[in-house]
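In the working numbering, the protein residues as written are -19 to 159. Think of the CB as a built atom: it goes at the ideal place given N, C-alpha and C, for glycine as much as any other residue. Okay, structure first, notes after.
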């Protein structure tokens, strides 16, 4: 059940921009907002870190508020909220003993050398910059009510950019750092 809940939330979140864009005129507001709220509540109930639980509760509350106040136009702000929360998690980890990326790296390399720690800190900073730019782009498109562009950017372009960032870091790590 836990895996199914995570899978459904991941798929719904990935498809969300296009589901909302194409369903907004067809009565999808209530059903999509309710489904996202329930999926985030399920995620909040699963065993996880405190930061993950808080993130899930905040996103469930976002969709609950959208439903209570009946504000379909608020649905466009979900990608902005996700980027802000990811920035908080990644950015907050820059002030912790280990960054998010370092913790992930230590799953494969428990004895990460100092240069690896420096690299993971830099990668965490790069992801923070990405979340700022990605969230700002989604916010600007929403604020200007460029909903066609919003759907294309949040539903396609931002995922391509994330993939390029992942791939670029991987190539750099393999080719330059030889890790």
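Reduced DSSP secondary structure (H/G/I, E/B, other) of residue i
| i | result |
| --- | --- |
| residue 50 | coil |
| residue 75 | coil |
| residue 35 | helix |
| residue 128 | helix |
| residue 60 | helix |
| residue -11 | helix |
| residue 29 | coil |
| residue 156 | coil |
First and last residue of the uninterrupted alpha helix (DSSP H) at residue i
| i | result |
| --- | --- |
| residue 94 | 94 to 123 |
| residue 4 | From DSSP, residue 4 is part of no alpha helix (DSSP H); its letter is neither H nor E. |
| residue 84 | 80 to 88 |
CB-CB length for residue i against residue j, believed under 8 Å
| i | j | result |
| --- | --- | --- |
| residue 13 | residue 46 | 5 Å |
| residue 26 | residue 43 | At roughly 17 Å, the Cβ-Cβ gap does not stay under 8 Å, so residue 26 and residue 43 are not in contact. |
| residue 21 | residue 40 | 5 Å |
| residue 9 | residue 52 | 4 Å |
| residue 189 | residue 57 | Nothing about residue 189 can be read from this structure; the chain reaches only from -19 to 159. |
| residue 19 | residue -8 | 6 Å |
| residue 70 | residue 108 | 5 Å |
Interface flag, residue i vs chain B, CB-CB below 7 Å
| i | result |
| --- | --- |
| residue 123 | Within the model displayed, chain B is absent; a lone protein chain is all it includes. |
Are at least three pairs of beta-carbons, each pair with one atom in the stretch 75 to 92 and one in the stretch 103 to 118, less than 8 Å apart? yes
For the stretch 124 to 143 against the stretch -5 to 5, are there 3 or more C-beta pairs whose distance is under 8 Å? yes
Decide if the stretch 87 to 97 is in contact with the stretch 105 to 117; the criterion is three or more beta carbon pairs, one per stretch, under 8 Å apart. no
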